[in-house]
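Asker:
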Amino acid sequence: MNVEEAKQRITALSEEIRKHNYSYYVLSRPVVSDYDFDILLQELIRLEQQFPELIEKDSPSQQVGGEITKEFRQVIHRYPMLSLGNTYSENEIRDFETRVHRIVGEQVGYVCELKFDGVAIGITYRDGRMAYAVTRGDGIQGDDVTANIKTIKSIPLKLQGSDYPDEFEIRGEIILPHSSFEKINLQRQEDGEEPFANPRNAASGSIKMQDSAEVAKRHLDCFFYYILGENTSFNSHYEGMMKARSWGFKISEHTIRCNTIEDIFDYLKTAEKLRNDLPFDIDGVVIKVNSISQQEMLGFTAKSPRWAIAYKFKAEQATSRLLSVDFQVGRTGAVTPVANLQPVLLAGTIVKRATLHNADVVAALDVRIGDVVFVEKGGEIIPKIAGVEKDLRKPDSKPLVFAKTCPECGSTLKRNEGESAWYCPNEAGCPPQIKGKLEHFISRRAMNIDSLGEGKVELLYDKGLIHNAADLYDLTFDQLIGLEKIYPATDEKKTRTVSFREKTVNNILTGIEMSKQVPFDRVLYAVGIRFVGETVARKLALHFLSMDNLRNADLTSLTDVGEIGDKIAGSILNFFSDPKATALIDRLKLAGINFEMNPALNPRKSYKLNGLTFVITGVFEKYSRDGLKKIIEENGGKNVGSISAKTSYVLAGSDMGPEKRKKAAKLKIPIISEDDFLRMLNME
Ligand code: IVH
């Protein structure tokens, strides 16, 4: 076969395979047998091996994966990935409808959809081909997981038809069907690995795997529910969804139009019943205003669209028996009681463990070993014990005794007045606490020593080379070179060997050296004083200007700083009265860490608005326009004069002009108030 013939055959095969994929994965109506399908795919792969120059980026052969991503590229969302207002009550659905009707002032039609319980994804298509796929992340920026998404067979790499916009983003939910979930967990158990708690976790772990060939094996699926773009040609959400379906996207058959509130309530009931029969998890229903022009009239708040609301199902419960209780020590030293249960099926997954939160919860429930308990899966990932069937209790049962000593290091547990958690006080000697502190110290928003990420600090700790942050600054090349540890597989990663070769060691040492430049406010945050988070650390640093001043401060001078109350002040005093803590501080100082604030050299107050572009318009109450512009710049953001597709937010005071409002609505840019903005920066 010559190149020309091969090219033609490859195109024909690709088209045919694409059609079969669509019939099988999107429509669930296969037209050929698996065997016949495999023959076609094998032929394509063989031809592509023979003529590698003819491999198209979106060839169906590329969907088996193979690309390895070490670190996902961060991508700023073209449109922020907002969430939805939530409700559990029908009355609030009525309120939503009333509100919408009041603002729109005319007849409103709705679309009801299932609320898929998976992981959100935004995929951009250019000229009918998948360009890139980004996870939600923090809503502002997420991970580029294109290589992994390409392995999901129900997601088209190349669109059908021709009436799609040149460029648009489509959002959907990556889900793991129950059947795949069960297979994966069975395999994991056979391999001696911890099974996934639920399909959502498994889906989320899967799309962040480094090896896309592994992702392909997970059999993920995806339903789409939102199209964003400037040149879309549909007038209603429903029409958009039907178009998307014709382009090859999987749109649920349970996406329907509703014209009255009664129709909506009927749908809620149907969906709640349907839930038990669906082959995947849903956690509610989403109700959306159908007309795009009405959506534009309603617009967005800083967090969510005003034209949609999510109705969440109440948590599902099951009964089980409490077999025993373990006590787990977290990174902060807080001890969490965890119930071991007789395995029970709950919302499609087997539950064996549930959290009992803390001693107060244990006491309030008066839960005892042997009790029949109600297990519930709420919004949280970990199921909890929601109640006890006391009538079924055995007469000889005894109240549960909470741990008195730390299960990791044996120290006597402590509890501060007014707090529910018991703590292991051995901050400097309890392994999970030490590791937690070290990981916090090197984290991105603290000292940002990223060359030590991915288990490398853990290795240094396990090898006995570091016990606290100051030890990092004493590490030498000779100590590090050749270190090695094999880590067993976890939810997201295969077994891996961490070994320090010359390049790694040099990177680590450079990273540590560079951290000496980190400004004092982040150092203060990195040190990890209880209750001193980023914002408090910045306030303290700007007020006291140096570690020495802070160390010498008394209660009054601490509480004189705005928003520092007795609790934080007490924790700071406590920290500096501990000889171990002050010894650590002294060693860090000696190592050359930045212990002084130089506001002139470091005007940037945070990096929270990195990559964001603002348009300021109207009149404000708390700050002047210039004041707000300064705040934006100080926090890493950018100001621009007019609204364009690149604008992240419109910061609007009173008197925002109708033209600007229209433009923002058209480009789907959230309009936020002064208070919303200040809240973003914890400044309100
Ligand atoms: S619409 C701007 N529709 O729920 C509104 N979201 O709590 C975009 N979700 O982030 C979301 N099913 O990950 C929409 N039919 C559906 C959905 C859905 C699941 C997820 C999505 C979103 C979250 C909001």
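Going by our numbering, the sequence shown runs without a break in its numbering and finishes at 1311. Note that CB positions come from ideal geometry on N, CA and C, so glycine has one too. In this text, all values refer to a predicted model and were calculated from it rather than measured experimentally.
Just tell me which of K870, K1090, L667, Q635 has its CA closest to the CA of I854.
Answerer: Indexing the sequence shown from 1 puts residue 854 at position 227. Answer by Cα proximity: K870.
Asker: Consider the C-beta atom of E719 and the heavy atoms of the ligand IVH; say whether any pair is separated by less than 8 angstroms.
Answerer: Counting from 1 along the sequence shown, the entry for residue 719 is found at position 92. No, Cβ of E719 sits at least 8 angstroms from all heavy atoms of the ligand IVH.
Asker: Contact check, A1168 vs L1182 under 8 angstroms by CB: the rounded distance?
Answerer: As a position in the sequence shown, residue 1168 is number 541, starting the count at 1. As a position in the sequence shown, residue 1182 is number 555, starting the count at 1. Actually they are not in contact, since the Cβ atoms of A1168 and L1182 sit about 19 angstroms apart, beyond 8 angstroms.
Asker: From the DSSP secondary-structure annotation, give me the bridge partner or partners of P964.
Answerer: The residue labelled residue 964 in the question sits at position 337 within the sequence shown. The partner list for P964 (beta bridge, DSSP) reads F954.
Asker: Excluding sequence positions up to five away, which residues of its chain have a Cβ less than 7 angstroms from the Cβ of R980?
Answerer: The sequence position of residue 980 within the sequence shown is 353, counting from 1. Excluding residues within five positions, the ones whose Cβ falls inside 7 angstroms are V965, A966, N967, L968.
Asker: In the DSSP assignment, find the unbroken alpha helix (DSSP H) run with V630 in it and report its ends.
Answerer: If you number the sequence shown from 1, residue 630 lands on position 3. Residues 630-648.
Asker: Between the Cα of A1291 and the Cα atoms of F1241, E817, Y1250, which residue gives the shortest distance?
Answerer: Position 664 of the sequence shown, counted from the start, is the residue given in the question as residue 1291. The residue with the shortest Cα to Cα distance from A1291 is F1241.
Asker: Out of V1028, D1023, S1142, which has the shortest C-alpha to C-alpha gap to L1079?
Answerer: The residue given as residue 1079 occupies position 452 in the sequence shown. The shortest Cα separation from L1079 among V1028, D1023, S1142 belongs to S1142.
Asker: Give the straight-line distance between the Cα atoms of M1283 and R726, rounded to the nearest whole angstrom.
Answerer: Position 656 of the sequence shown, counted from the first residue, corresponds to residue 1283. Position 99 of the sequence shown, counted from the first residue, corresponds to residue 726. So the two alpha carbons sit approximately 21 angstroms from each other.
Asker: Could you pull the start and end residues of the beta strand (DSSP E) that R902 belongs to?
Answerer: If you number the sequence shown from 1, residue 902 lands on position 275. Where R902 is concerned, there is no enclosing beta strand (DSSP E), given that its DSSP letter is neither H nor E.
Asker: Return the residue from the list A747, V653, F1158, A1208 that minimises the CA-CA distance to S873.
Answerer: Residue 873 sits at position 246 when you count from the first residue of the sequence shown. Taking only the C-alpha atoms, the option nearest S873 is V653.
Asker: Got a sec, what are the start and stop residues for the alpha helix (DSSP H) D1148 sits in?
Answerer: Looking up residue 1148 in the sequence shown gives position 521. That run of the alpha helix (DSSP H) goes 1147-1154.
Asker: Could you tell me the distance, in whole angstroms, from the CA atom of E675 to the CA atom of M924?
Answerer: Stepping through the sequence shown from its first residue, residue 675 is reached at position 48. Stepping through the sequence shown from its first residue, residue 924 is reached at position 297. Each residue's alpha carbon lies about 51 angstroms from the other.
Asker: What distance in whole Å lies between the Cβ atoms of G799 and C849, which are believed to be in contact at a cut-off of 8 angstroms?
Answerer: The residue you call residue 849 lines up with position 222 of the sequence shown. The residue you call residue 799 lines up with position 172 of the sequence shown. Yes, C849 and G799 are in contact; Cβ-Cβ is about 5 angstroms, under 8 angstroms.
Asker: Return the CA-CA distance between I637 and L895, expressed in angstroms with no decimal places.
Answerer: Reading the sequence shown from its first residue, position 10 is the one you call residue 637. Reading the sequence shown from its first residue, position 268 is the one you call residue 895. The straight-line gap from Cα to Cα measures roughly 47 angstroms.
Asker: Which residues bound the beta strand (DSSP E) around V621?
Answerer: Residue 621 is absent from the structure shown; the chain starts at 628 and stops at 1311.
Asker: Kindly indicate the opening and closing residues of the beta strand (DSSP E) around F851.
Answerer: Here residue 851 corresponds to residue number 224 of the sequence shown, with the count starting at 1. First-last of the beta strand (DSSP E) with F851: 848-855.
Asker: Smallest Cα separation from V630: which of R1149, R1252, T887, F678?
Answerer: Mapped onto the sequence shown, residue 630 falls at position 3. Closest by alpha carbon: F678.
Asker: Just how far apart, CA to CA, sit F1147 and L1172?
Answerer: The residue you call residue 1147 lines up with position 520 of the sequence shown. The residue you call residue 1172 lines up with position 545 of the sequence shown. The alpha-carbon atoms of F1147 and L1172 are separated by roughly 8 angstroms.
Asker: Does DSSP put I713 in a helix, a strand or coil?
Answerer: The count along the sequence shown starts at 1 and reaches residue 713 at position 86. In the sequence as displayed, the identity of residue 713 is Asn instead of Ile. In this structure, N713 counts as strand in the three-state DSSP scheme.
Asker: Spatial neighbours of I644 within its chain, please: C-beta separation below 7 angstroms, excluding the five flanking residues on both sides.
Answerer: Position 17 of the sequence shown, counted from the first residue, corresponds to residue 644. Contacts found: L667, L668, L671, P687.
Asker: Can you name, in chain order, every residue of its own chain whose Cβ lies under 8 angstroms from the Cβ of E1301, other than the five neighbours on each side?
Answerer: Along the sequence shown, one-based indexing puts residue 1301 at 674. Correct list, in chain order: F1247, E1248, K1249, Y1250, L1255, L1278, G1280.
Asker: Would you mind listing the beta strand (DSSP E) stretches within the region 1185-1261 that are 3+ residues and don't spill past its ends, in chain order?
Answerer: 1240-1244
Asker: K697: beta carbon under 8 angstroms from a heavy atom of the ligand IVH?
Answerer: Position 70 of the sequence shown, counted from the first residue, corresponds to residue 697. Result no, Cβ not under 8 angstroms from the ligand IVH.
Asker: Buried or exposed, going by whether 16 or more other CB atoms sit within 10 Å of the CB of M1074?
Answerer: Along the sequence shown, read from residue 1 onward, the residue named residue 1074 stands at position 447. Burial call: buried.
Asker: Looking at I1299 and M1307, is the spacing between their C-beta atoms short of 9 angstroms?
Answerer: Residue numbering aside, residue 1307 sits at position 680 when the sequence shown is read from its first letter. Residue numbering aside, residue 1299 sits at position 672 when the sequence shown is read from its first letter. Yes, Cβ-Cβ distance for M1307 and I1299 is below 9 angstroms.
Asker: Run through DSSP, which three-state label would I1299 get?
Answerer: Numbered from its first residue, the sequence shown carries residue 1299 at position 672. Strand.
Asker: Just list the residues that DSSP pairs Y1114 with in beta bridges.
Answerer: Residue mapping note: residue 1114 aligns to position 487 of the sequence shown, counting from 1. In DSSP, Y1114 forms a bridge with R1123.
Asker: Provide the residue span of the beta strand (DSSP E) that contains Q701, from first to last.
Answerer: Numbered from its first residue, the sequence shown carries residue 701 at position 74. Its beta strand (DSSP E) spans residues 701-703.
Asker: Quick one: using the 10 Å Cβ neighbour count with 16 as the cut-off for buried, is Q814 buried or exposed?
Answerer: Counting from one through the sequence shown, the residue named residue 814 turns up at place 187. Result: exposed.
Asker: For D908, count neighbouring Cβ atoms within 10 angstroms of its own Cβ and tell me buried if that reaches 16, exposed if not.
Answerer: Taking the sequence shown and counting its residues from 1, one reaches residue 908 at position 281. Its Cβ being crowded by 16 or more others within 10 Å, D908 is buried.
Asker: According to the neighbour-count rule (16 or more other Cβ atoms, all chains shown, within 10 Å of its Cβ), is K900 buried or exposed?
Answerer: Along the sequence shown, read from residue 1 onward, the residue named residue 900 stands at position 273. So K900 counts as exposed.
Asker: Between S1126 and I1108, what straight-line distance do the alpha-carbon atoms span, to the nearest angstrom?
Answerer: Taking the sequence shown and counting its residues from 1, one reaches residue 1126 at position 499. Taking the sequence shown and counting its residues from 1, one reaches residue 1108 at position 481. Near 8 angstroms, if we compare the C-alpha coordinates of I1108 and S1126.
Asker: What would DSSP say about M1283, mapped onto helix, strand or coil?
Answerer: For the purposes of this step, residue 1283 is identified with residue 656 of the sequence shown, where counting begins at 1. Note: M1283 maps to coil in three-state DSSP.
Asker: Thinking just about the alpha-carbon of each residue, which of N1262, Y715, I1270 is nearest to the one in L1305?
Answerer: Counted from its first residue, the sequence shown places residue 1305 at position 678. The shortest C-alpha separation from L1305 is found at N1262.
Asker: Measure the C-alpha to C-alpha separation of L973 and R1149 and round it to an integer number of angstroms.
Answerer: Along the sequence shown, read from residue 1 onward, the residue named residue 973 stands at position 346. Along the sequence shown, read from residue 1 onward, the residue named residue 1149 stands at position 522. Each residue's alpha carbon lies about 43 angstroms from the other.
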